[in-house]
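Structure record follows, encoded as structure tokens.
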Amino acid sequence: MNGAPIPPVTPINALYWEGTATNELRLCVCTNCGTRFRFVRELCPRCWSSNPAWEVSAGSGKVVARVVVEAAPYEAMAARTPYVLALVELDEGVTMMSNVVDCDPHSVEIGQRVELLFEQRGDFAIPQFRLSAEVETRDIAHTE
Numbered sequence: 385m386n387g388a389p390i391p392p393v394t395p396i397n398a399l400y401w402e403g404t405a406t407n408e409l410r411l412c413v414c415t416n417c418g419t420r421f422r423f424v425r426e427l428c429p430r431c432w433s434s435n436p437a438w439e440v441s442a443g444s445g446k447v448v449a450r451v452v453v454e455a456a457p458y459e460a461m462a463a464r465t466p467y468v469l470a471l472v473e474l475d476e477g478v479t480m481m482s483n484v485v486d487c488d489p490h491s492v493e494i495g496q497r498v499e500l501l502f503e504q505r506g507d508f509a510i511p512q513f514r515l516s517a518e519v520e521t522r523d524i525a526h527t528e
């Protein structure tokens with residue numbers, strides 16, 4: 385969509401955006417302690433190691449928080465309203481903010497499974513999510 389936000393590319397996050405250009409959601413993983421993190425940074429947020437590596441997310445997860453945006457924060461987003469802004473917990477354990485698209489925004493519920501897709505914005509591919517047919521399974525203790 386024209387006018388939609390486009391993120392700045394920096395030397396630190398360039399590999400992340402190169403991944404999205406090929407439909408890969410890349411996560412940082414600490415080579416010292418194994419912690420995975422989404423935000424591109426030079427140091428591990430857990431052990432402060434300066435040796436992060438990259439891995440590709442499977443692209444599935446669940447909605448852990450969501451809000452339906454009814455009034456656009458700026459004009460370029462007005463045509464998108466209403467839309468879902470969500471926190472998605474990836475199966476790898478990393479939580480990221482994104483949109484849940486291709487659905488009735490009011491139908492998105494916490495706990496619903498989602499899968500990754502990419503939205504082209506100029507030269508960028510922006511990670512978004514759509515509802516998945518996969519159902520969240522839970523352990524339920526049965527008592528008699």
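Quick note on my numbering: the sequence shown kicks off at 385 and runs consecutively.
A virtual CB, placed ideally from N, CA and C, is assigned to each residue, including glycine.
Quick caveat: nothing in here was measured; it's all calculated off a predicted structure.
Take residue 517 as the anchor and find which of 417, 400, 444 has the nearest alpha-carbon. When only C-alpha atoms are compared, the closest one is 444.
Alpha carbon to alpha carbon, how far is residue 484 from residue 512? Spanning the two alpha carbons is a distance of roughly 6 Å.
Boundaries (first-last residue) of the alpha helix (DSSP H) holding residue 400: DSSP places residue 400 in the uninterrupted alpha helix (DSSP H) bounded by 398-405.
Taking the beta carbon of residue 496 as the centre, do at least 16 other beta carbons fall within 10 Å, making it buried, or is it exposed? Counting Cβ neighbours within 10 Å, residue 496 comes out buried, since at least 16 surround it.
Hey, quick one: how far does the beta strand (DSSP E) through residue 467 stretch, first residue to last? Where residue 467 is concerned, the enclosing beta strand (DSSP E) stretches over 467-474.
By Cβ distance, which residues of its chain are closer than 6 Å to residue 437, with the 5 residues on each side in sequence left out? Around residue 437: 413, 415.
Start-to-end residues for the beta strand (DSSP E) that takes in residue 512: Counting along the chain, the beta strand (DSSP E) containing residue 512 begins and ends at 508-515.
For residue 468, which of 404, 457, 490, 433 has the nearest alpha-carbon? It is 490.
Per the DSSP calculation, residue 484 is bridged to which residue(s)? Per DSSP, 468, 513.
Taking the C-alpha atoms as reference points, what is the distance between residue 525 and residue 499? Reliability fails at residue 525, whose pLDDT of 49 lies under 50, so the model's placement of it is uncertain and no value is given.
For the structure I just gave you, are there three or more beta carbon pairs, one from the region 395-406 and one from the region 502-509, closer than 8 Å? Touching, yes.
How about residue 458: is its Cβ closer than 7 Å to a heavy atom in the ligand FAD? This structure lacks the ligand FAD; in fact it carries no ligand of any kind.
Shortest alpha-carbon distance to residue 475 belongs to which of 422, 457, 453? For residue 475, the nearest C-alpha among the options comes from 422.
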